[in-house]
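So for the sequence shown, full-length UniProt numbering puts the first residue at 1; every next one is plus one. We put the beta carbon where it would ideally sit given N, CA and C, even for glycine. All values reported here derive from a predicted model rather than from experimental measurement.
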Amino acid sequence: MISILNNAQREWLNKKKDFIDQQISKFYPLTDEQWQHVTDIVDDTVKKAKGHEAEVRKELFDLMEKWERKEKEGVRDE
Numbered sequence: 001m002i003s004i005l006n007n008a009q010r011e012w013l014n015k016k017k018d019f020i021d022q023q024i025s026k027f028y029p030l031t032d033e034q035w036q037h038v039t040d041i042v043d044d045t046v047k048k049a050k051g052h053e054a055e056v057r058k059e060l061f062d063l064m065e066k067w068e069r070k071e072k073e074g075v076r077d078e
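Here it is in structure tokens:
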């Protein structure tokens, strides 16, 4: 995928991704309510990415998938 975000947009998205990643990391494993809060942040971020929703959605969902894989691996370890 060719990046269509300008530098300011990329910086904004990276800050959002870092914030989400830090919050998940800090409180992991998350409760259902905490996951819902993360999902709400992701949805809000995608809505604010007017004209760039697809790219922002993909990057945020890639981040979420990383944590979902970790959660599934944790279940297998128990």
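- Take the alpha-carbon of Ser25 and the one of Ala8: they are about 26 Å apart.
- The residue among Trp35, Ile20 and Ile4 with its C-alpha nearest the C-alpha of Glu71 is Trp35.
- Between Tyr28 and Asn14, the alpha-carbon positions lie close to 20 Å from each other.
- Where Asn6 is concerned, there is no enclosing alpha helix (DSSP H), because DSSP gives it neither an H nor an E.
- Membership of Thr45 in the alpha helix (DSSP H) is indicated by the continuous run Asp32 to Lys48.
- Under the 10 Å beta carbon count, Lys16 is surrounded by 16 or more other beta carbons and is classified as buried.
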